Amino acid sequence: MKKLGLVAALMVATLIVGAQNSTLEARIKNNLYLNVYVNKTTCYVGEPIVVTYKLYSSLESVSSVTKDPEFKGFELRDLVGSEDDVVSRQTIDGKSFDVHTIRKVQLTPTEAGKLVLDAMVLNNRIKLIDNSGNRSPLLDGIDDNIALKNGDYRISIASVPININVQEAPANVKPATVYNGAVGDFKMNVYLSKVNLTPGEQGTLQITISGTGDFSQVTQPIVEWPSGVTAAAAQVQEQYDRKSKTAPGMKVFSIPFTATNKGSYTIMPVKFSYFDATRNRHNTVSNPPVTFYVRTGAAAPTTKTTANDQAERNDNYGALLVGLGIVALLVVAGMLISRAKKKKQGQQPAQPAPLRTQPVSPVPLPHNPSPDVDALLQAAEEAVAKPGNSFYSALRQGMIHFFEQKYQVPAKLFYKSTLKDTMTEKTVPEYLQNEVFHMLTEIEMSIYSAGGLTGDRVRMLEKTKAILKKL
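Once you know that position 354 of the sequence shown is 354 in full-length UniProt numbering, the rest is easy, because the numbers rise by one and skip nothing.
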């Protein structure tokens, strides 16, 4: 009978401990939980989605990932990882939480069907009794039978699995051109560096694809080169935010080529295909044919540009200042030599009178005066209401002249990498560098899309002025 009573007591104690554990874990999970967010659960093959895992905690705890999702059927790109330590504060139902972004990924499905994002699992160590013996309010009503280690309680939490429905892109509208999986909204511009070449002289065909979307899937379009033309591998320049698929960006393919025989050559339209998930259709963009000519004889004289004229004026001004400085030094040196000779001959020099030489313009110390931004952008301001892309071209040209005068960046080296190195060397703050690059990207995209509303142009003009005046 006593044995039976002991077994019953143990069973009751076990039930009590289990109930208390259940109560404690329920309390903990109201204060510590893991959520998963997906920007869409239905998409097409090749259409990227963004998945974010966030840990919400109002407790003193330490968490670690014990199981990552496998993301089967997707190509993976990490945008934010736990090592990035992205933390914010958020109030939910009157309670303040630390919100940790555990992981943020871009997933591009490679197959159709129902794909599953399996659960992420975290192991958590929650401090319930501190070193001074103070108990957490979570332990109210809980006796000392709860298993704690150094005042910590361990618990695992997990996100819920997510089903993603992936559909094949509509087969009836697939383009005849090569489609490499690019998804987004893109535009394309194709042009030649010059249309008149001499035999063997190198030209460049530049293909610029701009817009928004997954630029990692944007590859060089196929070019049908005419017979007699030899093309080299393309040089690729990229300007886009790898962590965002909605910010504007661009990819430029510069393809060098040569032709040895005289004549005219026509490059047939270049085509680029992408899938527009917003409109649920494939799009193909192309350009008109472009023609260039190979002729013998001397190359045509180079026409001076405004940038060249300004550079020449700067050089002449610098030479003038140097000349004036040399003249001043010669005058002073002559006077010193004359005084030294008189002293050597034993002549008692009179009280030195003030030097009376012909006035010489003071030679300024070398510096980079701030260019007149309004004057440099005057051409753009006058082109605000003109159709086409003349406004944006003038705006970009104004920026080129600014960096040419302010930081001596030659127009022919006006590239993002050159500007980055120059501004870093001149200790321009990084946030201001980013403003310059974002502005340039927006201008270049507008050039290639050939348009924009007048209100947008006025905004861009004023924004460009404000950025340049801060440099």
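Beta carbons: idealized from backbone N, C-alpha and C, even for Gly.
Fair warning: this is a prediction, and the values are worked out from it, not measured in the lab.
| Asked | Found |
| --- | --- |
| With 16 as the cutoff for other CB atoms within 10 Å, does Ala385 come out buried or exposed? | exposed |
| How would you write the range of the alpha helix (DSSP H) that Gln90 sits in, first residue to last? | Here Gln90 belongs to no alpha helix (DSSP H); instead the beta strand (DSSP E) covers Val86 to Ile92. |
| Quick test of your reading: Leu432 and Leu471, contact by CB under 8 Å. State the CB separation rounded to the nearest angstrom. | 7 Å |
| Ala113 to Ala231, Cα distance in whole Å? | Checking the sequence, you will find Gly at residue 113 rather than Ala. If I take the Cα positions, the gap works out to 42 Å. |
| From this set, Glu60, Pro69 and Thr219, which residue's C-alpha is nearest Thr52's C-alpha? | Pro69 |
| Assign Asn165 to one of three DSSP states: helix, strand, or coil. | strand |
| Per the DSSP calculation, His438 is bridged to which residue(s)? | Answer is none; His438 lacks a bridge partner. |
| Only counting the same chain, and skipping five residues up and downstream in sequence, which positions put a Cβ closer than 7 Å to that of Gly73? | Pro109, Thr110, Glu111 and Leu115 |
| Going by other Cβ atoms of all chains shown within 10 Å of its Cβ, with 16 needed for buried, is Thr66 buried or exposed? | exposed |
| Where DSSP assigns a beta bridge to Tyr33, which residues make up the other side? | Tyr56 |
| With a CB to CB cut of under 8 Å and the five nearest residues on each side skipped, what residues in its chain are close to Leu122? | Leu34, Leu55, Ser63, Ser64, Val65, Thr66, Ile102, Ser156, Ile157 and Ala158 |
| Determine the direct distance from the alpha carbon of His100 to that of Ser88, and round the result to whole angstroms. | 7 Å |
| On the CB-based measure, 16 or more other CB atoms within 10 Å of its CB, does Leu24 come out buried or exposed? | buried |
| Can you list, in chain order, the residues of its chain with a C-beta nearer than 6 Å to that of Ile267? Leave out the 5 residues immediately preceding and following it. | Val290 |
| Nearest-angstrom Cα distance between Gly249 and Ser216? | 11 Å |
| For Ala182, which residues from the same chain have a beta carbon less than 6 Å from its beta carbon, with the 5 sequence-adjacent residues on both sides left out? | Gln217, Val218 and Tyr274 |
| Rounded to whole angstroms, how far is the Cβ of residue 486 from the Cβ of Met423, which I believe are closer than 8 Å? | The first residue shown for the chain is 1 and the last is 471, placing residue 486 beyond what the model contains. |
| Alpha carbon to alpha carbon, how far is Leu468 from Leu79? | 31 Å |
| Mark Pro221 as exposed unless 16 or more other C-beta atoms lie within 10 angstroms of its C-beta, in which case mark it buried. | buried |
| For Ala119, name the three-state secondary structure that DSSP assigns. | coil |
| Taking 8 Å as the threshold, find out whether the region 242-259 comes into contact with the region 201-214 through three or more Cβ pairs. | yes |
| Check for me: the beta strand (DSSP E) holding Arg154 runs from which residue to which? | Asp152 to Ala158 |
| Under 8 Å between the Cβ atoms of Ser446 and Tyr407? | no |
| Taking DSSP as the reference, what is the three-state secondary structure of Lys40? | coil |
| Alpha carbon to alpha carbon, what distance is there between Asn434 and Asn189? | 24 Å |
| Taking Tyr240 as the reference, which of Thr42, Val252 and Ala233 has the closest Cα? | Val252 |
| Any idea what DSSP makes of Glu430, helix, strand or coil? | helix |
| Between which two residues does the alpha helix (DSSP H) harbouring Asp421 extend? | Lys416 to Glu425 |
| Taking 8 Å as the threshold (C-beta atoms), are Ile126 and Ser61 in contact? | yes |
| Could you work out which residue in Asp421, Lys420, Gln397 and Ser417 is closest to Ala411 when comparing CA atoms only? | Gln397 |
| Could you pull out every residue in the same chain whose Cβ sits closer than 7 Å to the Cβ of Leu138, ignoring the five residues on either side in sequence? | Leu24, Arg27, Ile28 and Leu128 |
| Would you give the residue range spanned by the beta strand (DSSP E) that Tyr265 belongs to? | Gly263 to Ile267 |
| What are the boundary residues of the alpha helix (DSSP H) that Phe71 is part of? | Note, Phe71: premise wrong, no alpha helix (DSSP H); not H, not E. |
| Residues in its own chain within less than 6 Å of Leu59 by CB, not counting five upstream and five downstream? | Asn31, Leu32 and Ile126 |
| Tell me which same chain residues have a C-beta within less than 7 Å of the C-beta of Thr246, skipping the five on either side of it? | Thr212 |
| Tell whether a beta-carbon distance below 8 Å holds between Ser57 and Asp98. | yes |
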